[in-house]
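Peer 1: Take a look at this one; I'll ask things after.
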Amino acid sequence: MIRLLLVDDQEIFRQGLATMLSVEADLEIAGHAANGQEAIEAAKHLQPDVILMDVRMPVCDGVQATQEIHQYYPWIRILVLTTFDDDEYILRSLQVGALGYLLKRTPAPEIATAIRSVAQGYSQLGPTIAPKAFSQLKPLSSNYHLDELSKREIEVLKRVGEGKNNQEIAQELFLSEGTVKNHVTQILSKLGMRDRVAAALWAQRNLI
601 MIRLLLVDDQ EIFRQGLATM LSVEADLEIA GHAANGQEAI EAAKHLQPDV
651 ILMDVRMPVC DGVQATQEIH QYYPWIRILV LTTFDDDEYI LRSLQVGALG
701 YLLKRTPAPE IATAIRSVAQ GYSQLGPTIA PKAFSQLKPL SSNYHLDELS
751 KREIEVLKRV GEGKNNQEIA QELFLSEGTV KNHVTQILSK LGMRDRVAAA
801 LWAQRNLI
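Read left to right, the sequence shown gives residues 601 to 808 (my numbering).
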């Protein structure tokens with residue numbers, strides 16, 4: 601069972617979303633929050649598996665809430681669900697820890713599928729969101745940067761692109777989690793990327 605926290609300042613939308621998702625046998629609504637501050641408190645007490653987070657809200661916006669929740673509870677997956685497809689919102693949300701970004705017009709069955717994927721550690725971007733996210737990545741103008749990566753680092757990078765976490769990568773490649781973590785750090789440094797999300801998006805586009 602995947603326990604959900606719904607965060608949106610529109611109560612009618614939260615209720616409607618809860619009704620739509622409640623028909624899914626493996627999804628459970630653990631709680632609601634009307635702004636980012638409430639989301640932070642709810643995350644602390646409810647410890648949901650996945651948070652559906654709006655971005656533009658009063659008191660504390662979704663980006664700030666995502667950053668704080670991800671910092672203190674990195675095992676909680678955050679899926680942004682909003683009406684806003686601004687490049688800045690998309691990039692900032694992914695940079696601070698969101699694992700996915702969907703628009704509210706996404707059909708309910710697709711939202712449910714995205715929730716399941718995010719719960720397993722896979723990134724999920726809506727069809728209109730992915731190009732915007734990719735456009736923000738630092739381009740690799742030649743294969744020079746990839747040539748700096750070892751064969752093992754490329755294997756790790758491919759799996760990062762598949763949305764796998766360090767534990768899953770370690771099990772697949774018969775490595776320790778610490779070794780995988782070191783490989784990821786080296787990959788980010790060599791490719792000039794600031795975080796794992798950027799590496800995952802680039803790998804999805806170029807290696808998978």
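Yeah, the Cβ is synthetic: ideal placement off N, Cα and C, and Gly gets one too.
Quick one: complete beta strand (DSSP E) runs, 3+ long, within the segment 667-692?
Peer 2: 677-682
Peer 1: Could you say if the segment 768-783 and the segment 794-804 meet the contact criterion of at least three C-beta pairs nearer than 8 Å?
Peer 2: Touching, no, given that fewer than three Cβ pairs across the two stretches are closer than 8 Å.
Peer 1: Among 648, 788 and 643, which one has its Cα closest to the Cα of residue 757?
Peer 2: 788
Peer 1: What is the residue span of the beta strand (DSSP E) that residue 607 lies within?
Peer 2: Counting along the chain, the beta strand (DSSP E) containing residue 607 begins and ends at 602-607.
Peer 1: Short of 7 Å in beta carbon distance, which residues of its chain neighbour residue 603, apart from the five on each side in sequence? Order them along the chain.
Peer 2: 628, 630, 648 and 649
Peer 1: Between residue 729 and residue 661, which are expected to be in contact by the criterion C-beta below 8 Å, what is the C-beta distance as a whole number of angstroms?
Peer 2: At roughly 18 Å, the Cβ-Cβ gap does not stay under 8 Å, so residue 729 and residue 661 are not in contact.
Peer 1: Based on Cα-Cα distance, which residue from 710, 654 and 723 lies nearest to residue 677?
Peer 2: 723
Peer 1: Let me know the secondary structure DSSP gives residue 773 once reduced to three states.
Peer 2: helix
Peer 1: Tell me whether residue 619 is buried or exposed, calling it buried when 16 or more other Cβ atoms sit within 10 Å of its Cβ.
Peer 2: Counting Cβ neighbours within 10 Å, residue 619 comes out exposed, since fewer than 16 surround it.
Peer 1: Give the C-beta separation of residue 640 and residue 668 to the nearest angstrom, bearing in mind that I take them to be a contact with Cβ-Cβ under 8 Å.
Peer 2: 5 Å
Peer 1: Between 659, 747, 803 and 704, which has its C-alpha nearest residue 638's C-alpha?
Peer 2: 659
Peer 1: From which residue to which residue does the alpha helix (DSSP H) around residue 793 run?
Peer 2: Counting along the chain, residue 793 falls outside any alpha helix (DSSP H), and DSSP gives it neither H nor E.
Peer 1: Please name the residue, chosen from 683, 791 and 772, that lies closest to residue 749 on a Cα-to-Cα basis.
Peer 2: 791
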